[in-house]
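As given, the protein sequences belong to chains A and B, one line each in that order. Following the numbering used here, the numbering of the first sequence begins with 883 at its first residue and continues without gaps. Following the numbering used here, the numbering of the second sequence begins with 53 at its first residue and continues without gaps. Just so you know, even glycine gets a beta-carbon here, dropped at the ideal spot from N, CA and C.
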Amino acid sequence: ALEPAPSVPTTALLQALRLHEEPRGVPTLRPVPPVMWRLFRRRHPRHPQAARAGYPLRPCHVEELGVAGNIVRHIPASGLFPRPPETTRTSGLCPTWTVTFDLSGVEPAERPTRARLELRLEAENQDTHRWELSVALSTEATSPRPELLRVPVPPGLPLRADLLGPAVAANVSVPRTLRLALSLDCGAANAHVRLAEASLLLVTLDPRLCPPPRPRR
Amino acid sequence: HTEPGMGAGPGGACRTRRLHVSFREVGWHRWVIAPRGFLANFCQGACTLPEPGGPPALNHAVLRTLMHAAAPTPGAGLPCCVPARLSPISVLFFDNSDNVVLRHYEDMVVDECGCR
């Protein structure tokens, strides 16, 4: 059922685009991550490159990531720009970090289908072979939380970890805030490592925006 | 914006008319990263009988047009010129938390019009 359109066109357009907040003035401009440009170019039917890539694309599906979805968000760790997240050394010579992601913009009706953590570590002249990163949920409680997953640190490349399942439950609404404790397992080395960038690529499916399946005649 | 000088004006047979939607119109051009706007188009024109020599097209709309020509019935009327094929668009923008968001919207561009 169509809701009665409000009189003010902007509000009607917001409502039609399922955006609940009036756009705030000028946002804090930052470079658009390459992955978001790639996804946009693939999906925007008016872009010749999309045409070459074999249009039409399946609705409510993010081909490039191979998951269902119609909203993709690139969420930098809050507090990262312009300051890096706080670094603490709790045990031995290896650093730990706490990063927080603000997910309050995600609506309860949206279901996560991909939650990919991406970190860029800067370790000058260090042999990062066999280094691993342990990820746990972080809370105010002092007792360490159980490890959710452990991923190898790829030398010289961004570190990626899929959090759907371990840290973000599938098929339920996402929490308003996701706070992670990251611990680097660097063996006995005295690691001088900086966490230069932390972001979350979150794909969600809002079923209300998907066309109903056409009944076969 | 409707592009001036396009086609036979509001009259003529039912067809797609150009309509460009610009995010600048509602002052969103600062936070919509791409596109700046898009061709949404719309349908306008008369639903008449198929052109002689054109492809045979007997469907409900033609039946209605025939019946209306033979015996106009109040309330029945002619068929309407409406979108027959639509395609989606994607919008890349900054949300109010400065995240970069890509949203996909179905059925936003009129590719073809038809009488129904």
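One finds Arg955, His956, Ile957, Gly987 in chain A with Cβ atoms closer than 7 Å to the Cβ of Asn151 of chain B, taken in chain order. At a cut-off of 3 residues, the continuous stretches assigned as beta strand (DSSP E) that sit fully inside the stretch 991-1035 of chain A are 993-1005, 1014-1019, 1029-1034.
For Thr100 of chain B, there is no enclosing beta strand (DSSP E), as DSSP marks it with neither H nor E. Taking CB atoms only, His156 of chain B has a neighbour in chain A less than 8 Å away. Counting every other CB atom within 10 Å of its CB across the protein chains shown gives Asn151 of chain B a total of 16 or more, marking it as buried. Within chain B, the residues whose beta carbon sits less than 7 Å from that of Thr910 of chain A are Asp150, listed in sequence order. Your pair Leu1030 of chain A and Ala1049 of chain A checks out as a contact, with CB atoms roughly 5 Å apart and the cut at 8 Å.
For Val914 of chain A, the closest Cβ of chain B is nearer than 8 Å. Between Glu158 of chain B and Pro941 of chain A, the gap from beta carbon to beta carbon is short of 8 Å. In chain order, Phe145, Phe146 place their CB closer than 7 Å to the CB of Trp83 of chain B, counting only its own chain and leaving out the 5 sequence neighbours on each side.
Taking C-beta atoms as the reference points, Arg993 of chain A and Arg1042 of chain A fail to come closer than 8 Å. Minimum Cα-Cα distance from Asp1088 of chain A among the listed residues B:Cys167, B:Arg155, B:Val161 corresponds to B:Arg155. Against chain A, the CB of Ala86 of chain B has a partner CB under 8 Å away; the residue lies at that interface.
Nearest CB-CB separation between Pro1093 of chain A and chain B: below the 8 Å threshold. Each of B:His120, B:Ala86, B:Asn148, B:Cys99 was checked against the Cα of Gly64 of chain B, and the nearest Cα belongs to B:Cys99. Judged by DSSP secondary structure, Trp979 of chain A falls outside any alpha helix (DSSP H) and instead within the beta strand (DSSP E) spanning 976-984.
Bridge partners of Pro135 of chain B according to DSSP: B:Cys165.
Of the other Cβ atoms in all chains shown, fewer than 16 fall within 10 Å of the Cβ of Val1054 of chain A; this residue is therefore exposed.
Here the stretch 911-927 of chain A makes no contact with the stretch 74-81 of chain B; the two share fewer than three CB pairs at distances below 8 Å. Taking 8 Å as the cut-off, the beta carbon of Pro140 of chain B is found closer than this to the beta carbon of Met160 of chain B. Annotated as distal: Arg1076 of chain A and Ser1020 of chain A, with beta-carbon spacing of 8 Å or more. A:Val954 is the residue among A:Arg900, A:Val954, A:Leu1001 whose C-alpha sits nearest the C-alpha of Leu921 of chain A. By the neighbour-count definition (other C-beta atoms within 10 Å, threshold 16), Gln96 of chain B is a buried residue. Of the residues A:Gly951, A:His1011, A:Arg1012, A:Arg1032, the one whose Cα lies closest to the Cα of Ala1018 of chain A is A:Arg1032.
In the same chain as Arg1002 of chain A, and ignoring 5 residues on each side of it, the C-beta atoms closer than 6 Å to its own belong to Pro1040, Ala1078, Glu1079, in chain order. Here the alpha carbons of Cys1092 of chain A and Trp1013 of chain A stand approximately 43 Å from one another. A Cβ-Cβ distance of about 6 Å is found for the pair Leu91 of chain B and His72 of chain B, placing them in contact under the 8 Å criterion.
Taking 8 Å as the cut-off, the Cβ atoms of Cys167 of chain B and Ala113 of chain B count as close.
If you look at His120 of chain B, you'll find it isn't in any beta strand (DSSP E); it sits in the alpha helix (DSSP H) that goes 112-122.
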